Amino acid sequence: MEYKIIIVNYNGCSDTIECLESLLKSTNQNFQLFIVDNSSKNDDYEIFKKWGQNIFMDIETKFPELVFPISEKSSQDLLYLNEEEFYELKDIEQKIVFIRANENKGFSAANNIVLKYLKKQDKYDYIWLLNNDTVVPVDFLNNISKKFEKISKYIGIIGNSLCYYNQPEILQCVANKYSDWLAHTFPLYECMNYSDIPKKAIYNLIPIGASMFIKKECFMEIGFLEEDYFLYFEEWDYTSRAKKKDWKSIIFTDLYIYHKHGTTIDNGNNEGKSKTLFSDYYLLINKLVFAKKNLKWYHLPSVYLSYAPVIINRIRRGQWDRVKMIFKIILGIKYDVK
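Letter by letter, the sequence shown follows residues -14 to 323 of this note's numbering.
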């Protein structure tokens, strides 16, 4: 099976390089890597070029066995392009492609730069949307490929377990259950010991967006990620749209990767549990965006009511700026979070 892997980088080149090195150690190398650089400065892009030139850099990792030794890169295997140059190409053969985005329009828009290219391609079986702050075990891709050979042709979206990078034995979670009445997800097996969960396939839940596979035929029918979200809810929206077209999802709990969770958006605070204002804003506003796009009209009153405990929680914390923000979200008033 052939894979197209898309990774979005935003001021996190050290995480991205660690992730890339783990992928290049994979026992299955039937993939092509696309790294979209959304960084606010050009520094990360220049570091990626040095990495491609095999210039020594000190990589800090908790998984040296998955990252080292540093791979030897060939100039023939790498390509560096800006967004316009990328759109002009019809068939890219290099294994690793770096694309400098013109501007940061959000996670979905960055992925869509590559997805628009892949829409015109045919030589692949799955697209893998992978967060840059992940580390992938050497046999992960090989093992999930074996599972893909046996699943139903109607399964279009696939997820897997995510373990905390700093606590490898603990799960971030494996998937999300969703409530239409609250426009809220409930993580499955969140913060449990990985050894304690049942190792089986679970159907029709929402995969964690840090690692989501999309079958080519599903992508060709459903299309691109929704760019209205900027950040968060992308996998919820895509899974919902796919479900309406009778595509099913599956989660393989017995396969896992390691995830730092929140290093880019939440500054790495407490494995992403301490949310910045930026993170809080997009989680809360996109909850409403998703509900209006994907739910029935009669779900909306309870969705609006679900903001009440959030407001009370922020008041208890003395986060008055966030209380003001939530009321503006509910009333549809613009709030400048940047």
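Glycine included, C-beta positions come from ideal geometry on N, C-alpha and C. Remember, predicted model here, so these are calculated numbers, not experimental data.
| Check | Outcome |
| --- | --- |
| Three-way DSSP call (helix, strand, coil) for residue 232 in this model | coil |
| Opposing strand residues paired with residue 48 [DSSP bridges] | Answer is none; residue 48 lacks a bridge partner. |
| Residue from 23, 124, 77, 108 whose Cα sits closest to the Cα of residue 97 | 23 |
| Sub-8 Å separation of residue 177 and residue 147 beta-carbons | no |
| Rounded C-alpha distance that separates residue -10 from residue 16 | 7 Å |
| Sufficient close CB pairs (3 or more, under 8 Å) joining the segment 189 to 200 to the segment 159 to 167 | yes |
| Option nearest residue 89 by Cα separation, candidates 109, 21, 102, 52 | 21 |
| Neighbourhood of residue 84 by C-beta, 8 Å cutoff - its chain only, sequence neighbours within 5 removed | 19, 20, 21, 22, 66, 67, 68, 71, 98, 99 |
| Rounded Cβ spacing between residue 244 and residue 117 (contact assumed at less than 8 Å) | About 10 Å; that fails the 8 Å criterion. |
| Residues that DSSP places opposite residue 85 in a beta bridge | 22, 67 |
| Integer Cβ distance of residue 141 from residue 233, believed to fall under 8 Å | 7 Å |
| Proximity of residue 125 and residue -7 at Cβ, strictly below 8 Å | no |
| Residue ranges of each beta strand (DSSP E) within the segment 138 to 181, 3 or longer | 140 to 149, 156 to 158, 160 to 164, 169 to 173 |
| Three-state secondary structure (DSSP) of residue 284 | helix |
| Residue -2 to residue 82 span [Cα, whole Å] | 15 Å |
| Contact under 8 Å by Cβ, residue 199 with residue 111 | yes |
| Best match in 186, 309, 79 for proximity to residue 137 [C-alpha to C-alpha] | 186 |
| Local conformation of residue 291 per DSSP, three classes | coil |
| Rounded straight-line distance, which links the Cα of residue 75 to that of residue 152 | 42 Å |
| Through-space distance from residue 277 to residue 292, alpha-carbon basis | 15 Å |
| Limits of the beta strand (DSSP E) - the one that residue 188 falls within | 186 to 188 |
| Residues near residue 7 in its chain [Cβ-Cβ closer than 6 Å; skip 5 each side] | 51, 52, 120, 121 |
| Simplified DSSP state of residue 237, which is helix, strand or coil | strand |
| Inter-residue spacing [alpha-carbon to alpha-carbon] between residue 166 and residue 63 | 47 Å |
| Buried or exposed (CB count within 10 angstroms, at least 16 for buried), residue 31 | exposed |
| Three-state secondary structure (DSSP) of residue 61 | helix |
| Integer-rounded CB distance, given that residue 242 should sit under 8 Å from residue 196 | 6 Å |
| Whole-angstrom distance between residue 56 and residue 45, CA atom to CA atom | 15 Å |
| Rounded straight-line distance, which links the Cα of residue 216 to that of residue 101 | 19 Å |
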